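So the structure is just underneath, and the comments pick up after that.
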């Protein structure tokens, strides 16, 4: 049975996940500001993409666990 409380929790979870993604991207941008082409030439775009996806999955799992415990 879907209640109003369930809908609110789902919206809050989605908002928290979006905020976590934005925070992670800002952190990555801040960490990479001082790097030049020589330093970054050894890391491929695929590796960066894989690291970001792993981080998003970890955050997603943590958020789901948090909301499962709270409900």
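Residue numbers (this note's numbering): 13 to 83. Ideal Cβ positions, reconstructed from N, Cα and C, are used throughout, including at glycine. These numbers were taken from a predicted model, which means no experiment stands behind them.
**OP:** Note the first and the last residue of the continuous alpha helix (DSSP H) segment covering residue 82.
**Re:** 57–82
Subject >> 8 Å Cβ cutoff met for residue 32 and residue 71 >> reply: yes
**OP:** Go ahead and pull the three-state DSSP assignment for residue 33.
**Re:** helix
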